[in-house]
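Here the structure comes first, spelled out in structure tokens, and everything after it is commentary.
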Amino acid sequence: MTIQLSHFSAAFVFALFASIVFGITHRETTRDMVRYGLYCFAMFLGGILLAGWAMWLVRR
Amino acid sequence: MANPSTVKVKAAPSSSMMPVIAPALGWFIPGAGHVIQKRYIRGALLLVSIASLFLLGLMMQGHIYKANGGDILDILGFIGDLGAGGMYIVTLAMNGGQGAIAFATADYGTKFMIVAGLLNFIAVADAYHIAIGKKQ
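Those protein sequence lines, which keep their order, are chains A and B. With this note's numbering applied, the first sequence covers -14 to 45. With this note's numbering applied, the second sequence covers -12 to 123.
This is the structure we're talking about:
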């Protein structure tokens, strides 16, 4: 079985699963785990969007 | 005198063998090191996250690294893949992860599998910390 994800959907899935693991392993309490997981997810996606726009600017 | 509300209470290790068993089992089956220490939800989330990343990498026709003594990047790729434990062994046994350069996203798949292994290393360390009572 073969799947082909787009660049953004691959990055989204990657950010989601990596954030879950980071949240669970880097914090002590459940509340902190959720908050840190969401923070990591936002940073991943924010970084992706920023890098994408930066490359667009460089290309022009 | 310390304020009682600010004193951290460390979890007691549940068994003398747990610091060995939990990381070993957690490496072989992602999240299992947490499950045997009664952290069921954390274990399930780790299993779903790491296994999904690895399987998506396989389905994206990613390449899996074998033990090698060549290029440093190949060695690092092998170390990363090895972290996936049982999934890596089964994939090798089934001759999977050959990689397909025909797909543009196959390289993403390769990275997905390496990162799944590296994330599992972090999960293994976390299971060890729970076993020795350093983390709740």
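Every residue gets a Cβ at the ideal spot worked out from N, C-alpha and C, and that includes glycine.
| Query | Result |
| --- | --- |
| Neighbouring residues, chain A, relative to TYR95 (chain B) (Cβ below 9 Å) | LEU(-10), HIS(-8), ALA(-5), ALA(-4), PHE(-1) |
| Residue-level contact to chain A via CB, ASP61 (chain B), 8 Å cutoff | no |
| Alpha helix (DSSP H) segment containing LYS98 (chain B), residue limits | 93 to 118 |
| Where GLN48 (chain B) meets chain A, residues with beta-carbon distance less than 8 Å | THR(-13) |
| Opening and closing residue of the alpha helix (DSSP H) in which MET28 (chain A) lies | 15 to 44 |
| Contact check, GLY72 (chain B) vs ILE16 (chain B), beta carbons under 8 Å | yes |
| Interface residues of chain A facing ILE109 (chain B) [CB-CB closer than 7 Å] | VAL6, THR10 |
| Start and end residues, alpha helix (DSSP H) containing TYR27 (chain B) | 27 to 46 |
| Under 8 Å between C-beta atoms of LEU43 (chain B) and VAL6 (chain A) | no |
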